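Let me begin by presenting the structure, written as structure tokens, before commenting on it.
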Amino acid sequence: MTQDNLAASHFQNAGESYAKYRPTYPDELVAFLASQCQQHNLALDVGCGNGQFSSMIAQHFRQVLATDVSASQIENAAPVPNIRFAVEPAEHCSAEDTSLNLIVAAQAAHWFDLVSFYEEVRRVAAPGCVLALVSYGVLSINDAECNARFHQLYYDEIGPFWPPERRHVDNGYASFDFPFQELEYPEMSIERDWTLEQFIGYVRTWSSVKAAAKAGKQSLMESFAEELTSLWGDPQQLRKISWPIAMRLGRL
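In structure tokens form, the structure reads like this:
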């Protein structure tokens, strides 16, 4: 199975639940990326999913090309006047040569054939183009008992069901080859206040949870949901969920 097919298989028919529960990036991240760009004519969001991040980028650029290998994800993208959505692999996009001022892959680059992707980046990047491989790491809950139970699920119980590529997300893409002039960035995180239902709904979107269920281990998620319900208290109580943001950020 190719990298493109592998990525698509993990997200096929998942667009609706993905759009409902997945966390969105902070405005400060997009504003920072835009501030690093010399021009704001055209940006590319690679592996755009349902276009959450694309719509934020579109507020800073005249045009955005948003691509993903999953047709299901693209179908669930809300239309935005200055965004063109397309079902395309990261390694072969429809952008013209030297046309892009910003190239972003948010929580997606671990699915790419990086050698081919970097070749494509060099083709489509305008002089001074910024490349950002963005990821968010393992979340934390601002309650010690809930957080400990979550980490048990993440590392011990469904850990074996994560695809091998997940390790790159957990280390913030630090192990990636990145043959570009690297730039520094400020510390940032995604912060959300969620109810119990929102949190469990989010966890259920994970490919590892679905893989565990397919392997006959659906009880792992059900036991987690039951135990977390007991620890959470009032299910309508909001708890702060935080994901650290990491990047490989460079200029061409």
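Residues 116 to 367 (the working numbering) are what the sequence shown spells out, left to right. Note that beta-carbon positions come from the ideal geometry of N, C-alpha and C, so glycine has one too. Since the model is a prediction, treat every value here as computed from it, not as a measurement.
Query, Result
"Integer-rounded CB distance, given that residue 212 should sit under 8 Å from residue 177", "At roughly 18 Å, the Cβ-Cβ gap does not stay under 8 Å, so residue 177 and residue 212 are not in contact."
"C-beta neighbour in chain D for residue 239, strict 7 Å", "The structure shown contains no chain D; it holds only a single protein chain."
"Exposure of residue 160, with buried meaning 16 or more beta-carbon neighbours within 10 Å", "buried"
"CA nearest to the CA of residue 286, picked from 215, 265, 248 and 318", "248"
"Local conformation of residue 254 per DSSP, three classes", "coil"
"Euclidean distance between Cα positions of residue 182 and residue 220", "10 Å"
"Endpoints, beta strand (DSSP E) assigned at residue 343", "That residue, residue 343, is in no beta strand (DSSP E); its alpha helix (DSSP H) goes 333-347."
"Closest Cα partner of residue 305 within the set 150, 255 and 269", "255"
"Whether residue 251 touches residue 321 by CB criterion (7 Å)", "no"
"Cβ shell of residue 243 (< 6 Å), same chain only, five flanking positions each side left out", "153"
"Helix, strand or coil at residue 261 according to DSSP, with G and I counted as helix", "helix"
"Given 8 Å, three or more beta-carbon pairs between the segment 137-145 and the segment 288-307", "yes"
"CB contact flag (residue 257, residue 332, <7 Å)", "no"
"Proximity winner among 193, 207 and 261, relative to residue 346 (alpha-carbon distances)", "261"
"Inside the segment 177-243 only - beta strand (DSSP E) runs reaching at least 3 residues", "178-183, 198-202 and 215-221"
"Cβ neighbours of residue 365 in the same chain (closer than 7 Å, five flanking residues each side left out)", "246, 293, 295, 296, 297 and 298"
"Residue 353 - DSSP class collapsed to helix/strand/coil", "coil"
"Three or more C-beta pairs below 8 Å linking the segment 323-341 and the segment 188-198", "no"
"CA-to-CA distance, residue 367 to residue 352, given in whole angstroms", "46 Å"
"Under the three-state DSSP convention, the category residue 171 falls into", "helix"
"Residue of 200, 265 and 276 minimising C-alpha distance to residue 315", "265"
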